[in-house]
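Novice: Using numbering that gives the first Met the number 0, you'd call the opening residue of the sequence shown number 0 and step up by one each time.
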Amino acid sequence: MDILPLIDRLAQEKPIAQGLLVGDLLLGNCLPDSQQTTSHWPGTWQSIALHELTTLAFTQRYDLAVIALYHSYYEGNLAANNPVPPINQPDSIIGSKNQQLLVQGITRLRDLLARRVLVLASPEFGATLHALGFSQIEQLSQNLVIWQFNILSYKQVPDWLNSKYWANPENWNKYRW
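Have a look at this one:
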């Protein structure tokens, strides 16, 4: 899986000076060190694991954050003796607790840590990401979807704020109301 063209396209829209990569098992081959400027990705990238997201100190705001949420990532995490079980098990109590931690982490990433967020997720995360304000921008395969949150384009000014949609505009300045 190569998301470099998408990241290059986003870098052309707005330059990426600082990037944050969450879930380094997915894209670790692109970032051999924790903080390194690579020739493949624009800007300087810092890599952290998913469970570190909720405890990451708010010292800077990243231009772009990329986070990986899908089955093989969690299977790799379990194989590496990480005590955190897969998040996408809503039946179990542990799965729902991890789902809450995931939502808190993504919300923190979206609100505090990054201006733009890309999420690579399996389709079952769609409802959660849509509820958090993410929009689907691309489907790479049957089981991998890319979602984006961009604070600059999240909510446009609605048309109904225009005076032509106000209640009784034909009575404007005719009556005291």
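All C-beta atoms in this analysis are idealised placements derived from N, C-alpha and C, irrespective of residue type, glycine included.
With 9 Å set as the bound, which would you pick, yes or no: does the beta-carbon of aspartate 7 sit closer than that to a beta-carbon of chain D?
Specialist: Among the chains in the structure shown there is no chain D, since it carries only a single protein chain.
Novice: For glutamine 135, which residues does DSSP report across the bridge?
Specialist: DSSP output for glutamine 135 lists Trp146 as bridge partner(s).
Novice: Would you check if the distance between the CB atom of arginine 60 and the CB atom of leucine 143 is smaller than 9 Å?
Specialist: Taking 9 Å as the Cβ cut-off, arginine 60 and leucine 143 do not qualify as a contacting pair.
Novice: Between Asn97, Ala67, Ala120, Asp1, which lies nearest to leucine 19 when the distance is taken from Cα to Cα?
Specialist: Of the candidates Asn97, Ala67, Ala120, Asp1, the one whose C-alpha sits nearest the C-alpha of leucine 19 is Ala67.
Novice: Taking only the alpha-carbon atoms, compute the straight-line gap between glutamate 123 and lysine 96 and give it to the nearest angstrom.
Specialist: Rounded to the nearest angstrom, the two C-alpha atoms are 17 Å apart.
Novice: Using the three-state DSSP reduction, which class does proline 89 fall into: helix, strand or coil?
Specialist: Because the pLDDT at proline 89 is just 47, under 50, the model does not fix this residue reliably, and the value given afterwards should be weighed accordingly. If DSSP states are grouped into helix, strand and coil, proline 89 belongs with coil.
Novice: Express the C-alpha separation of glutamate 12 and asparagine 149 in angstroms, rounding to a whole number.
Specialist: Whole-angstrom Cα-Cα distance: 12 Å.
Novice: Give me the DSSP bridge partner(s) of alanine 120.
Specialist: Answer is Leu68, Val144, bridged to alanine 120.
Novice: Following the continuous beta strand (DSSP E) through leucine 9, name the residue where it begins and the one where it ends.
Specialist: From DSSP, leucine 9 is part of no beta strand (DSSP E) but of the alpha helix (DSSP H) over 3 to 12.
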